[in-house]
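Enquirer: The structure follows.
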Ligand SMILES: C[S@@+](CC[C@H](N)C(=O)[O-])C[C@H]1O[C@@H](n2cnc3c(N)ncnc32)[C@H](O)[C@@H]1O
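Numbering (the numbering used here), first residue to last: 1200 to 1578.
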């Protein structure tokens, strides 16, 4: 076994506080985003140094004198998920690979096992979508079976959305015969998903993959969009996002000079304003609670369009999810300025994330305040 990190395990025993430590951090990202991830992580964490990089998977060595706690919090909008990297198992035989992993002391304590394959393509390219795969499911079952026979009576879920703060044993299949393993605490919504990607029903017929993007965006942000709410989307054609909102029971105003798919345009709760965002009369947005934007233009154009709408006195939008296109990865450095623009418009709670179903773009959540999100959780 090529153990790349020193693993320390003091007092492994159910119900007791156990310190688990490793000296490497792993980060899962979109294939092609590695250079941007390295730049972002190294800019925000002076305790980390680059160690290993493959499309969709990057590791960093941690300075032992400045080690963050086991409950790691990585400052990165591009990291889909992350955790402590313990080591890797290499070989051609699946059972032998499982035996290498089984020595990891985290396994006895973990609440869940997450196994996934790194992305090899941009989401949406050639039909590829991130998330569950047959290989990952097969490997996961082998690992969980082996864990259960080594620790009889142990309950461990495979590739489920974990409970908040669960200790997760992670296995990223970097290659079919090269499995990197580690662990993390599921301290945020995305850290509860296997590989940082929500499970999506890819069999369902969707108008466009914008359906998946918005679905993930809503799950991640916990924006409490509910039946009966009035929503507007700028850049709504052909209609994947509107499809999801209509399914939720919302009323939807779609703003786009392009045609909507008839299956969307014909719905009673859908109104198409066939114009560009800035050409629409602001009073047409009266009563809109949630605003979405997915315009294939540069981010400042999207932000100008949205700012103009939400700053108007007749408009009272509570929250927004904006897709901003990164025509160049260097634009990641402008995200803090974009967030500041939204704060100045009165949206106090602003968060960025590159969603698993985003392409070369990021999602910005902007809510009037945290209460907007909390009120939804109570409901
Ligand atoms: C990525 S597509 C949107 C996909 C859509 N959200 C869906 O759910 O299928 C981008 C859309 O932005 C529209 N667009 C470009 N500039 C716009 C503007 N100024 N106002 C409104 N829509 C615009 C384009 O016509 C195009 O349909």
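Where is the CB? At the ideal position from N, CA and C, for every residue including glycine.
Note that the structure is a prediction, hence the values are computed from the model and not measured.
1) Please list, in chain order, all residues of the same chain as residue 1357 whose beta carbon is under 6 Å from its beta carbon, the five residues on each side excluded.
2) Count the other CB atoms, across all protein chains shown, that sit within 10 Å of the CB of residue 1386; report buried if there are 16 or more and exposed otherwise.
3) I need the straight-line Cα distance from residue 1393 to residue 1482, nearest angstrom please.
4) Would residue 1364 count as contacting chain B if we go by Cβ distances under 9 Å?
5) Using the three-state DSSP reduction, which class does residue 1392 fall into: helix, strand or coil?
6) Using DSSP's beta-bridge definition, name the partner residues of residue 1253.
7) Should residue 1401 be labelled buried (16 or more other beta-carbon atoms within 10 Å of its own) or exposed?
8) Buried or exposed: which applies to residue 1214, given that a residue is buried once 16 or more other Cβ atoms fall within 10 Å of its Cβ?
9) Let me make sure I understand the geometry here. Which of 1486, 1476, 1489 has the alpha-carbon closest to that of residue 1495?
10) Where does residue 1483 sit, in a helix, a strand or coil, going by DSSP?
11) Taking the alpha-carbon positions, what's the residue 1479 to residue 1429 distance?
12) Between the C-alpha atoms of residue 1526 and residue 1502, what's the straight-line distance to the nearest angstrom?
13) Around the Cβ of residue 1265, are there at least 16 other Cβ atoms within 10 angstroms (buried) or fewer (exposed)?
14) CB residue 1447 to CB residue 1424, shorter than 9 Å?
15) Tell me whether residue 1526 counts as near ligand 1, meaning its Cβ is closer than 8 Å to at least one heavy atom of that ligand.
16) Beta-carbon within less than 6 Å of residue 1422's beta-carbon, same chain only, minus the 5 sequence neighbours each way: which residues are those?
17) Give me whichever residues DSSP pairs with residue 1555 in a beta bridge.
18) Looking only at DSSP bridge pairs, what is residue 1369 linked to?
19) In its own chain, which residues sit with a C-beta less than 6 Å from the C-beta of residue 1509, not counting the 5 before and 5 after it?
20) Assess, as a yes-or-no matter, whether the stretch 1305-1325 is touched by the stretch 1254-1263 under the definition of 3 or more beta carbon pairs within less than 8 Å.
21) Buried or exposed, going by whether 16 or more other CB atoms sit within 10 Å of the CB of residue 1605?
22) Give the straight-line distance between the Cα atoms of residue 1162 and residue 1294, rounded to the nearest whole angstrom.
23) Does residue 1362 pass the burial test, meaning 16 or more other C-beta atoms within 10 Å, or should it be called exposed?
24) Out of 1572, 1227, 1457, 1244, which one is the CA nearest neighbour of residue 1474?
25) Report, in whole angstroms, the separation of the C-beta atoms of residue 1284 and residue 1243, which I expect to be a contact under 8 Å.
26) I'd like to check one pair, residue 1334 with residue 1316: are the Cβ atoms closer than 9 Å?
27) Terminal residues of the continuous alpha helix (DSSP H) containing residue 1439?
28) What is the DSSP secondary structure of residue 1433, counted as helix, strand or coil?
29) By Cβ distance, which residues of its chain are closer than 8 Å to residue 1560, with the 5 residues on each side in sequence left out?
30) For a quick check, are the C-beta atoms of residue 1591 and residue 1229 less than 9 Å apart?
31) For residue 1513, collect the residues of the same chain with a Cβ closer than 7 Å to its Cβ; drop the 5 residues on either side in sequence, then sort them by chain order.
32) Over what stretch of residues does the alpha helix (DSSP H) that includes residue 1320 continue unbroken?
33) What's the gap between the Cα of residue 1466 and the Cα of residue 1349?
34) Considering residue 1425, what are the terminal residues of the beta strand (DSSP E) in which it resides?
Expert: Based on what the coordinates show:
1) Mapped onto the chain shown, residue 1357 falls at position 158. Its chain contains 1312, 1339, 1343 as the residues whose beta carbon lies nearer than 6 Å to that of residue 1357, once the 5 sequence neighbours on both sides are disregarded; these appear in chain order.
2) Mapped onto the chain shown, residue 1386 falls at position 187. Label assigned to residue 1386: exposed.
3) Translated into positions along the chain shown, residue 1393 becomes position 194. Translated into positions along the chain shown, residue 1482 becomes position 283. Distance between the alpha carbons of residue 1393 and residue 1482 is about 43 Å.
4) Chain labels in this structure do not include chain B; a single protein chain is all it has.
5) Residue numbering aside, residue 1392 sits at position 193 when the chain shown is read from its first letter. Reduced to three states, the DSSP call for residue 1392 is coil.
6) Mapped onto the chain shown, residue 1253 falls at position 54. Note: residue 1253 sits in a beta bridge opposite 1256.
7) In the chain shown, the residue the question calls residue 1401 occupies position 202. Under this definition residue 1401 is an exposed residue.
8) As a working note, residue 1214 is residue 15 in the chain shown. Its pLDDT being 34, under 50, residue 1214 is placed unreliably by the model, and nothing is read from it.
9) As a position in the chain shown, residue 1495 is number 296, starting the count at 1. Of 1486, 1476, 1489, the residue nearest in Cα terms is 1476.
10) Within the chain shown, numbered from 1, the residue matching residue 1483 stands at position 284. Three-state result, residue 1483: helix.
11) Within the chain shown, numbered from 1, the residue matching residue 1479 stands at position 280. Within the chain shown, numbered from 1, the residue matching residue 1429 stands at position 230. C-alpha separation (whole angstroms): 16 Å.
12) Position 327 of the chain shown, counted from the first residue, corresponds to residue 1526. Position 303 of the chain shown, counted from the first residue, corresponds to residue 1502. Going by the C-alpha atoms only, they are around 15 Å apart.
13) Counting from 1 along the chain shown, the entry for residue 1265 is found at position 66. By the 10 Å Cβ count, residue 1265 comes out exposed.
14) Within the chain shown, the letter at position 248 stands for residue 1447. Within the chain shown, the letter at position 225 stands for residue 1424. Cβ distance < 9 Å, so residue 1447 and residue 1424 count as in contact.
15) Sequence index remark: in the chain shown, residue 1526 carries index 327 (1-based). Remark: the shortest separation between the CB of residue 1526 and any heavy atom of ligand 1 does not fall under 8 Å.
16) To locate residue 1422, count along the chain shown from 1; it is residue 223. Excluding positions up to five away in sequence, the list reads 1518.
17) Working through the chain shown from its first residue, we reach residue 1555 at position 356. For residue 1555, which the question treats as bridged, DSSP gives no partner whatsoever.
18) The count along the chain shown starts at 1 and reaches residue 1369 at position 170. The partner list for residue 1369 (beta bridge, DSSP) reads 1313, 1381.
19) Position 310 of the chain shown, counted from the start, is the residue given in the question as residue 1509. So the list reads 1516, 1544, once near-sequence residues are dropped.
20) yes
21) There is simply no residue 1605 to check, as the chain begins at 1200 and stops at 1578 in what is shown.
22) Here the chain has residues from 1200 to 1578 only, and residue 1162 is not among them.
23) Residue numbering aside, residue 1362 sits at position 163 when the chain shown is read from its first letter. Classification of residue 1362: exposed, given that the 10 Å Cβ count is below 16.
24) The residue you call residue 1474 lines up with position 275 of the chain shown. Checked all of 1572, 1227, 1457, 1244; the closest Cα to residue 1474 is 1457.
25) Here residue 1284 refers to the residue found at position 85 when the chain shown is read from its first residue. Here residue 1243 refers to the residue found at position 44 when the chain shown is read from its first residue. 18 Å between Cβ atoms; not a contact.
26) For the purposes of this step, residue 1316 is identified with residue 117 of the chain shown, where counting begins at 1. For the purposes of this step, residue 1334 is identified with residue 135 of the chain shown, where counting begins at 1. Yes, these two residues count as a Cβ contact at 9 Å.
27) Along the chain shown, read from residue 1 onward, the residue named residue 1439 stands at position 240. Looking at the DSSP string, the run of the alpha helix (DSSP H) that includes residue 1439 is 1439-1447.
28) Locating residue 1433 in the chain shown gives position 234, counting from the first residue. Strand, per DSSP.
29) Here residue 1560 corresponds to residue number 361 of the chain shown, with the count starting at 1. Same-chain partners within the cutoff: 1522, 1523, 1524, 1525, 1553.
30) There is no way to answer for residue 1591, as the model of the chain reaches only from 1200 to 1578.
31) Numbered from its first residue, the chain shown carries residue 1513 at position 314. Excluding sequence neighbours, residue 1513 sits near 1481, 1482, 1485.
32) Position 121 of the chain shown, counted from the first residue, corresponds to residue 1320. No alpha helix (DSSP H) holds residue 1320; DSSP gives it neither H nor E.
33) Here residue 1466 refers to the residue found at position 267 of the chain shown. Here residue 1349 refers to the residue found at position 150 of the chain shown. Rounded to the nearest angstrom, the two C-alpha atoms are 56 Å apart.
34) One-based indexing of the chain shown puts residue 1425 at position 226. Unbroken run through residue 1425: none, as it is neither H nor E.
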